[in-house]
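First up is the structure itself, then whatever we jot down about it.
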Amino acid sequence: MQPEEFYIQTPFLRFAAKRWGNSSGLPVLALHGWLDNAASFDGLAPCLPDLHLVALDMAGHGHSGHRPPGMKYHYMDYIDDVMAVADVLGWERFALLGHSLGAGISSVVAGSFPERVTHLVLLEGIGPMSREADNVGQSLSRSVQQMKRFLNKRTLAYPDFETAVEARVKVGDMDTDSVQILVRRNLVETEEGLAWRSDPRLKAGSPLYMTEEQVLGFLKGITAPTLLVTGDKGLNQRMLRLQARAACVENIQQHMLPGGHHLHLDDPEPVAKIISDHLSSGN
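Heads up: take any position in the sequence shown, counting from 1, add 24, and you land on the numbering used here.
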(Lines of atoms letter the chains of each structure in order from A and count residues from 1; the text may use other names and numbers.)
(Lines give C-alpha, C1' and ligand atoms only; values in the text may rest on other atoms or scores of the structure.)
Protein backbone atom coordinates (compact mmCIF):
# COMPACT_ATOMS: atom_id res chain seq x y z
CA MET A 1 0.00 0.00 0.00
CA GLN A 2 1.58 3.25 -1.17
CA PRO A 3 0.71 6.39 0.80
CA GLU A 4 -0.49 9.66 -0.69
CA GLU A 5 1.90 12.53 -0.09
CA PHE A 6 0.19 15.88 0.46
CA TYR A 7 0.44 19.22 2.27
CA ILE A 8 -1.79 20.86 4.86
CA GLN A 9 -1.76 24.65 5.04
CA THR A 10 -2.75 25.98 8.47
CA PRO A 11 -2.81 29.58 9.71
CA PHE A 12 0.61 28.94 11.27
CA LEU A 13 2.65 26.66 9.00
CA ARG A 14 2.56 24.39 5.98
CA PHE A 15 2.71 20.75 7.07
CA ALA A 16 3.73 17.76 4.98
CA ALA A 17 1.83 14.53 5.53
CA LYS A 18 1.32 10.98 4.30
CA ARG A 19 -2.10 9.37 3.99
CA TRP A 20 -2.97 5.65 4.01
CA GLY A 21 -6.04 3.47 4.08
CA ASN A 22 -9.78 3.90 3.73
CA SER A 23 -11.07 7.47 3.42
CA SER A 24 -14.33 6.39 5.08
CA GLY A 25 -12.56 4.64 7.95
CA LEU A 26 -11.81 5.95 11.43
CA PRO A 27 -9.73 9.15 11.07
CA VAL A 28 -6.40 8.78 12.84
CA LEU A 29 -3.72 11.47 13.13
CA ALA A 30 -0.26 9.95 13.71
CA LEU A 31 2.48 11.98 15.41
CA HIS A 32 6.11 10.87 15.33
CA GLY A 33 8.95 11.19 17.82
CA TRP A 34 11.61 13.87 18.28
CA LEU A 35 13.83 14.29 15.18
CA ASP A 36 11.87 11.57 13.36
CA ASN A 37 9.25 12.22 10.67
CA ALA A 38 6.06 10.84 9.12
CA ALA A 39 7.97 7.86 7.69
CA SER A 40 8.02 6.55 11.27
CA PHE A 41 4.66 4.96 10.38
CA ASP A 42 5.65 3.51 6.99
CA GLY A 43 5.64 -0.04 8.36
CA LEU A 44 2.69 0.26 10.72
CA ALA A 45 0.15 2.08 8.53
CA PRO A 46 -0.12 -0.58 5.77
CA CYS A 47 -0.96 -3.11 8.51
CA LEU A 48 -4.02 -1.00 9.44
CA PRO A 49 -5.81 -0.71 6.05
CA ASP A 50 -9.27 -0.03 7.48
CA LEU A 51 -8.19 3.24 9.05
CA HIS A 52 -7.97 6.67 7.45
CA LEU A 53 -4.49 7.32 8.78
CA VAL A 54 -2.67 10.61 8.25
CA ALA A 55 0.93 10.79 9.48
CA LEU A 56 2.24 14.30 9.96
CA ASP A 57 5.72 15.74 9.63
CA MET A 58 5.59 17.93 12.72
CA ALA A 59 6.87 21.49 12.70
CA GLY A 60 10.59 21.62 11.97
CA HIS A 61 10.68 17.95 10.95
CA GLY A 62 10.72 16.21 7.58
CA HIS A 63 9.20 18.28 4.78
CA SER A 64 7.11 20.54 7.04
CA GLY A 65 7.84 24.21 7.58
CA HIS A 66 10.14 25.52 10.31
CA ARG A 67 9.13 27.98 13.00
CA PRO A 68 9.93 31.61 12.01
CA PRO A 69 13.34 33.05 12.96
CA GLY A 70 13.59 33.96 16.62
CA MET A 71 10.95 31.48 17.72
CA LYS A 72 11.55 28.42 19.87
CA TYR A 73 9.85 25.05 19.64
CA HIS A 74 7.63 25.50 22.68
CA TYR A 75 5.91 22.25 23.61
CA MET A 76 2.45 23.83 23.79
CA ASP A 77 2.75 25.17 20.25
CA TYR A 78 2.53 21.57 19.01
CA ILE A 79 -0.96 21.42 20.51
CA ASP A 80 -2.04 24.37 18.37
CA ASP A 81 -0.51 22.64 15.34
CA VAL A 82 -2.43 19.40 15.92
CA MET A 83 -5.77 21.13 16.36
CA ALA A 84 -5.18 23.37 13.33
CA VAL A 85 -4.35 20.34 11.17
CA ALA A 86 -7.47 18.50 12.36
CA ASP A 87 -9.59 21.56 11.54
CA VAL A 88 -8.16 21.84 8.02
CA LEU A 89 -8.79 18.12 7.47
CA GLY A 90 -12.39 18.66 8.58
CA TRP A 91 -12.08 16.17 11.43
CA GLU A 92 -14.40 17.18 14.26
CA ARG A 93 -13.66 13.88 16.03
CA PHE A 94 -10.58 11.75 15.43
CA ALA A 95 -8.17 9.29 17.02
CA LEU A 96 -4.57 10.04 17.92
CA LEU A 97 -1.61 7.70 17.45
CA GLY A 98 1.62 9.04 18.92
CA HIS A 99 5.15 7.76 19.35
CA SER A 100 7.52 9.16 22.00
CA LEU A 101 7.31 12.97 21.65
CA GLY A 102 4.17 12.41 19.59
CA ALA A 103 2.72 10.31 22.42
CA GLY A 104 3.32 13.14 24.87
CA ILE A 105 1.68 15.66 22.55
CA SER A 106 -1.24 13.29 21.94
CA SER A 107 -1.72 12.90 25.70
CA VAL A 108 -1.99 16.65 26.20
CA VAL A 109 -4.39 17.06 23.25
CA ALA A 110 -6.62 14.24 24.50
CA GLY A 111 -6.63 15.68 28.02
CA SER A 112 -7.44 19.18 26.78
CA PHE A 113 -9.97 18.37 24.04
CA PRO A 114 -11.65 15.15 25.24
CA GLU A 115 -14.77 15.92 23.22
CA ARG A 116 -12.76 15.64 19.98
CA VAL A 117 -10.55 12.59 20.60
CA THR A 118 -12.29 9.23 20.07
CA HIS A 119 -9.33 6.92 20.80
CA LEU A 120 -5.77 7.39 22.02
CA VAL A 121 -2.86 5.10 21.13
CA LEU A 122 0.46 5.83 22.81
CA LEU A 123 3.70 4.16 21.74
CA GLU A 124 6.64 4.47 24.13
CA GLY A 125 5.34 7.58 25.85
CA ILE A 126 2.62 8.99 28.06
CA GLY A 127 2.62 12.70 28.79
CA PRO A 128 5.50 15.14 28.24
CA MET A 129 8.80 15.35 30.10
CA SER A 130 8.59 17.16 33.43
CA ARG A 131 11.00 18.99 35.73
CA GLU A 132 10.92 20.05 39.36
CA ALA A 133 9.72 23.63 39.86
CA ASP A 134 13.04 24.54 41.50
CA ASN A 135 14.84 23.96 38.18
CA VAL A 136 12.90 26.45 36.04
CA GLY A 137 15.69 29.06 36.03
CA GLN A 138 18.32 26.56 34.97
CA SER A 139 16.12 25.22 32.16
CA LEU A 140 15.43 28.69 30.79
CA SER A 141 19.07 29.78 30.96
CA ARG A 142 20.27 26.62 29.23
CA SER A 143 17.65 26.97 26.47
CA VAL A 144 18.55 30.62 25.77
CA GLN A 145 22.25 29.80 25.52
CA GLN A 146 21.60 26.84 23.22
CA MET A 147 19.43 28.93 20.90
CA LYS A 148 22.20 31.53 20.61
CA ARG A 149 24.66 28.82 19.54
CA PHE A 150 22.28 27.58 16.85
CA LEU A 151 22.00 31.04 15.22
CA ASN A 152 25.25 30.73 13.28
CA LYS A 153 25.81 27.00 13.41
CA ARG A 154 26.42 25.37 10.03
CA THR A 155 24.43 22.24 9.25
CA LEU A 156 26.62 19.14 9.07
CA ALA A 157 26.68 17.64 5.56
CA TYR A 158 27.34 14.03 4.57
CA PRO A 159 28.96 12.84 1.34
CA ASP A 160 26.36 10.14 0.72
CA PHE A 161 23.25 8.42 2.06
CA GLU A 162 25.16 5.56 3.65
CA THR A 163 27.28 7.91 5.76
CA ALA A 164 24.17 9.73 7.00
CA VAL A 165 22.59 6.41 7.94
CA GLU A 166 25.71 5.37 9.85
CA ALA A 167 25.59 8.64 11.81
CA ARG A 168 21.93 8.09 12.74
CA VAL A 169 22.51 4.45 13.72
CA LYS A 170 25.06 5.58 16.32
CA VAL A 171 22.50 7.63 18.27
CA GLY A 172 19.64 5.12 18.45
CA ASP A 173 18.71 1.52 19.01
CA MET A 174 16.87 1.03 15.71
CA ASP A 175 17.39 -1.63 13.10
CA THR A 176 19.39 -0.32 10.15
CA ASP A 177 16.41 -0.77 7.82
CA SER A 178 14.31 1.43 10.10
CA VAL A 179 17.02 4.09 10.21
CA GLN A 180 17.16 4.15 6.42
CA ILE A 181 13.40 4.80 6.25
CA LEU A 182 13.62 7.81 8.55
CA VAL A 183 16.86 9.19 7.11
CA ARG A 184 15.63 9.02 3.52
CA ARG A 185 12.80 11.45 4.33
CA ASN A 186 15.02 13.74 6.36
CA LEU A 187 17.79 14.54 3.87
CA VAL A 188 18.15 17.45 1.48
CA GLU A 189 20.87 17.91 -1.12
CA THR A 190 23.07 20.99 -0.66
CA GLU A 191 26.27 22.26 -2.29
CA GLU A 192 28.28 20.72 0.56
CA GLY A 193 26.51 17.34 0.43
CA LEU A 194 23.46 15.78 2.07
CA ALA A 195 22.14 17.66 5.11
CA TRP A 196 19.33 17.11 7.59
CA ARG A 197 16.03 18.79 6.77
CA SER A 198 15.09 19.05 10.44
CA ASP A 199 15.48 22.43 12.10
CA PRO A 200 18.66 22.56 14.28
CA ARG A 201 16.68 24.54 16.87
CA LEU A 202 14.82 21.33 17.73
CA LYS A 203 17.94 20.26 19.64
CA ALA A 204 17.67 23.16 22.08
CA GLY A 205 16.17 22.27 25.42
CA SER A 206 12.73 23.53 26.32
CA PRO A 207 12.73 26.95 27.99
CA LEU A 208 10.01 25.82 30.38
CA TYR A 209 9.03 22.28 31.38
CA MET A 210 5.82 21.27 33.09
CA THR A 211 5.93 20.03 36.64
CA GLU A 212 4.85 16.43 37.17
CA GLU A 213 1.68 17.68 38.87
CA GLN A 214 0.75 19.59 35.71
CA VAL A 215 1.39 16.53 33.53
CA LEU A 216 -0.87 14.42 35.73
CA GLY A 217 -3.55 17.10 35.44
CA PHE A 218 -3.63 16.65 31.64
CA LEU A 219 -3.67 12.86 31.94
CA LYS A 220 -6.61 12.95 34.34
CA GLY A 221 -8.55 14.85 31.69
CA ILE A 222 -8.33 12.01 29.14
CA THR A 223 -11.67 10.28 28.55
CA ALA A 224 -10.91 8.41 25.30
CA PRO A 225 -10.19 4.66 25.46
CA THR A 226 -6.40 4.60 25.69
CA LEU A 227 -3.79 2.05 24.65
CA LEU A 228 -0.19 2.27 25.89
CA VAL A 229 2.34 0.04 24.10
CA THR A 230 5.93 -0.17 25.32
CA GLY A 231 8.97 -2.21 24.32
CA ASP A 232 10.72 -4.38 26.87
CA LYS A 233 13.95 -2.62 25.89
CA GLY A 234 12.35 0.79 25.24
CA LEU A 235 12.93 4.12 26.91
CA ASN A 236 9.80 3.92 29.02
CA GLN A 237 11.08 0.90 30.90
CA ARG A 238 13.59 3.34 32.44
CA MET A 239 10.89 5.87 33.25
CA LEU A 240 10.04 5.48 36.93
CA ARG A 241 6.88 7.59 36.61
CA LEU A 242 5.30 5.47 33.86
CA GLN A 243 2.90 3.51 36.05
CA ALA A 244 1.93 6.53 38.16
CA ARG A 245 1.05 8.38 34.97
CA ALA A 246 -0.88 5.45 33.49
CA ALA A 247 -2.89 5.19 36.71
CA CYS A 248 -4.25 8.70 36.07
CA VAL A 249 -5.97 7.60 32.84
CA GLU A 250 -9.30 6.04 33.70
CA ASN A 251 -9.79 3.80 30.65
CA ILE A 252 -6.33 2.50 29.73
CA GLN A 253 -4.91 -0.79 28.52
CA GLN A 254 -1.18 -1.53 28.62
CA HIS A 255 0.84 -3.95 26.52
CA MET A 256 4.54 -4.66 26.52
CA LEU A 257 6.11 -6.22 23.44
CA PRO A 258 9.64 -7.36 22.61
CA GLY A 259 11.58 -4.45 21.15
CA GLY A 260 13.17 -1.09 21.68
CA HIS A 261 12.01 2.49 21.47
CA HIS A 262 11.07 2.23 17.76
CA LEU A 263 9.35 -1.16 18.03
CA HIS A 264 6.51 0.06 15.76
CA LEU A 265 9.01 0.59 12.93
CA ASP A 266 11.38 -2.32 13.63
CA ASP A 267 8.58 -4.92 13.91
CA PRO A 268 5.23 -3.31 13.05
CA GLU A 269 2.90 -6.31 12.73
CA PRO A 270 2.56 -7.19 16.46
CA VAL A 271 2.02 -3.52 17.28
CA ALA A 272 -0.59 -3.20 14.52
CA LYS A 273 -2.47 -6.24 15.84
CA ILE A 274 -2.81 -4.72 19.30
CA ILE A 275 -3.84 -1.35 17.86
CA SER A 276 -6.44 -2.96 15.59
CA ASP A 277 -7.93 -4.93 18.47
CA HIS A 278 -8.08 -1.79 20.60
CA LEU A 279 -9.77 0.36 17.97
CA SER A 280 -12.33 -2.32 17.10
CA SER A 281 -13.12 -3.35 20.68
CA GLY A 282 -16.09 -0.98 20.94
CA ASN A 283 -14.66 0.90 23.94
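All C-beta atoms in this analysis are idealised placements derived from N, C-alpha and C, irrespective of residue type, glycine included.
Could you pull out every residue in the same chain whose Cβ sits closer than 6 Å to the Cβ of Glu-213, ignoring the five residues on either side in sequence?
-> none
What span of residues does the alpha helix (DSSP H) with Glu-186 cover, start to end?
-> 185-193
State the start and end residues of the unbroken beta strand (DSSP E) segment that holds Phe-36.
-> It is not in any beta strand (DSSP E) - Phe-36 carries neither H nor E in the DSSP assignment.
At least 3 beta-carbon pairs within less than 8 Å: the stretch 245-256 vs the stretch 265-276 = yes
Run of the beta strand (DSSP E) containing Ile-276, from where it starts to where it stops | 276-281
Lys-244, buried or exposed, once every other Cβ within 10 Å from all chains shown has been counted against 16 = exposed
So what's Ser-154 in DSSP terms, helix, strand or just coil?
-> strand
What do you get for Thr-187, buried or exposed, if any count of 16 or more other CB atoms within 10 angstroms of its CB means buried?
-> exposed
Could you tell me whether the stretch 64-74 touches the stretch 294-307, where touching means 3 or more Cβ pairs closer than 8 Å?
-> yes
Excluding the 5 residues preceding and the 5 following His-90 in the sequence, name in chain order all residues of the same chain whose CB lies nearer than 6 Å to its CB.
-> Gly-84 and Asp-223
Gln-204 CB to nearest heavy atom of the ligand FMN below 7 Å | The ligand FMN is absent from the structure shown, which contains no ligands of any kind.
Report buried or exposed for Glu-148, applying the criterion of at least 16 other Cβ atoms within 10 angstroms of its Cβ.
-> buried
Would you tell me roughly how many angstroms separate the C-alpha atoms of Ser-304 and His-123, rounded to the nearest one?
-> 20 Å
Have a look at Leu-50, Arg-221, Leu-72 and Pro-152 and flag the residue whose alpha-carbon is nearest the alpha-carbon of Ser-88.
-> Arg-221
When the distance is taken between beta carbons, is Leu-55 closer than 8 Å to Leu-80?
-> yes
Of all the CB atoms in chain B, is at least one closer than 8 Å to the CB of Ala-219?
-> In the structure shown, chain B cannot be found, because there is only a single protein chain.
Report all residues from its chain with a CB closer than 6 Å to the CB of Gln-26; omit the five preceding and five following residues, and keep chain order.
-> none
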